[in-house]
Amino acid sequence: MHYFDYKNSVFHAEDVSMETLVEAYGTPLYVYSYKTLLRHFKSYDDSFKDFPHIICYALKANSNAAILRTFASEGGGADIVSGGELFRALRAGIPPEKIVYAGVGKKEDEIIYALRENILMFNVESEQELMAIDKAAAKLGKSAPIALRINPDVDPATHAKITTGHKKNKFGIPIEGALEFYKIAHKLKHVKIVGIHEHIGSQIISLKPFLVALQRLVSLIDELKAEGIEIKYLDIGGGLGIQYLDEIPPHPSELAEKIKPILQGRNLTIVMEPGRTLVGNAGLLVTKVLYTKKGHDRDFIIVDAGMNDMIRPAMYDAYHHIMPVHKKKRKDVFADIVGPICESGDFLGKDRELPSMLQGEYAVVMSAGAYGFSMSSNYNSRPRTAEVLVNGSEHYLIRKRQTYEDLVRDELIPEFIK
Ligand SMILES: *Cc1c(COP(=O)(O)O)cnc(C)c1O
């Protein structure tokens with residue numbers, strides 16, 4: 031559920047029309063709904079209210095400070111995958127004791143940074159990483175809280191590029207060897223086992239893979255207990271899907287209902303790492319139709335947002351619903367909605383039957399709040415877009431549009447060429 035819709039035939043974010051926003055900020059423009067962000071966070075929080083839990087928002091989905099601050103104010107934590115994300119999380123006021131750190135390639139300086147800041151736990155993805163963490167903690171005279179990220183070998187039936195818990199993926203520690211691995215960690219002087227972690231993929235629209243994976247982890251928790259290794263945090267990762275087209279993803283409360291019996295009688299704090307579910311449908315991208323033209327077997331609608339602004343269609347064959355800002359009687363056309371970038375992969379929508387749009391009109395690309403801006407780039411020397419947060423009838427710029435000057439700011443010309 032989100033707070034974007036037509037009002038008097040003009041598309042609105044909450045009570046603000048897209049006309050107002052494009053006039054104030056230009057296009058392309060990311061627009062977020064504050065009420066939707068809150069609603070999504072609260073629906074997770076309420077769903078799990080019967081158990082001790084921490085919602086560690088996966089920053090990589092959208093790391094704008096205003097969005098982080100929104101979740102931090104509601105008691106949210108963070109799932110980070112880099113030193114840069116740790117920096118952002120702390121700066122937004124997310125308490126370190128609610129930060130978990132995953133990723134297969136943590137560097138020494140990043141590990142030290144996280145140790146100094148006393149994060150909740152490292153989600154360890156390999157034996158060499160474990161040793162590196164132990165060594166860094168020894169240097170600082172600390173004990174590093176860790177969980178092992180288990181690869182439970184399940185098929186989450188999602189796009190191959192966003193599967194992470196299958197045995198062919200680079201992520202985590204194969205479940206067969208996990209018990210032995212925990213025993214190794216248990217012997218180390220400068221790590222302290224506190225948890226167990228899994229994250230099996232993204233945009234998963236069935237609960238089954240979650241439950242299969244969870245069952246495997248719970249069996250492992252029991253085996254560990256028999257070895258005298260106590261697990262306090264069960265981190266079930268993120269990955270729940272959202273509606274882009276006609277998917278019917280499970281609600282977090284359905285996940286909670288299924289998890290309840292598994293947790294009954296166990297002294298576990300549940301950690302969740304939702305990314306897409308919190309922000310995906312809380313954001314959209316507004317773009318202007320620059321030109322239209324007739325192609326060989328289809329129309330082309332050329333808009334001012336490209337794959338540098340929104341790479342999901344090019345990268346994951348992702349579907350994003352595209353609609354004109356002004357609702358009126360139109361005939362449908364068969365068209366590709368493409369950007370200005372010099373790549374054939376630069377499209378926002380392909381092979382679409384959609385309402386015809388004219389030069390100069392505006393369109394909205396829906397469900398763009400997750401992995402939209404955060405994956406954007408300056409390719410083709412295009413300044414990054416602005417971002418706006420709407421709350422009721424108010425709107426706030428939460429990221430300035432980049433300038434041409436911003437594009438070259440960090441570049442240096444060696445003296446000998448000058
Ligand atoms: C990306 C990621 C998430 C968030 O995934 P979503 O599909 O956006 O919910 C959570 N945990 C880890 C470790 C991740 O890499």
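In terms of the working numbering, the sequence shown has 271 at position 241, counting the first letter as 1, and numbering is strictly consecutive.
The beta-carbon is built from N, C-alpha and C at its ideal position, and this holds for glycine as well.
Check, Outcome
"Cβ of residue 225 within 9 Å of any chain D Cβ", "The chain inventory of the structure shown lacks chain D, comprising one protein chain alone."
"Residues bridged to residue 310 [DSSP beta-bridge criterion]", "Residue 310 pairs with nothing; no bridge assigned."
"Expected contact under 8 Å - CB spacing of residue 235 and residue 277 to nearest Å", "5 Å"
"Beta-bridge partners of residue 429, as assigned by DSSP", "417"
"Three-state secondary structure (DSSP) of residue 327", "coil"
"7 Å Cβ shell around residue 145 - same chain, five flanking residues per side excluded", "166, 167, 170, 172 and 174"
"Alpha-carbon to alpha-carbon, residue 365 and residue 7", "What is shown of the chain runs 31 to 448, which leaves residue 7 out entirely."
"Beta-carbon proximity list for residue 192, same chain, < 7 Å, skipping 5 on both sides", "231, 232, 233 and 346"
"Integer-rounded CB distance, given that residue 115 should sit under 8 Å from residue 89", "5 Å"
"Local conformation of residue 434 per DSSP, three classes", "helix"
"Identity of the residues DSSP links to residue 372 by a beta bridge", "Residue 372 is not bridged to any residue."
"Member of 421, 423, 424 and 414 whose CA lies at the smallest distance from the CA of residue 56", "414"
"Residue nearest to residue 72 in terms of C-alpha spacing, selected from 52, 46, 48 and 104", "104"
"Inter-residue Cα distance where the pair is residue 207 and residue 118", "34 Å"
"Bridge-paired residues (DSSP) for residue 47", "42"
"Other residues of its chain near residue 436: CB distance less than 7 Å, five sequence neighbours each side excluded", "413"
"Three CB pairs or more closer than 8 Å across the region 220-228 and the region 259-276", "yes"
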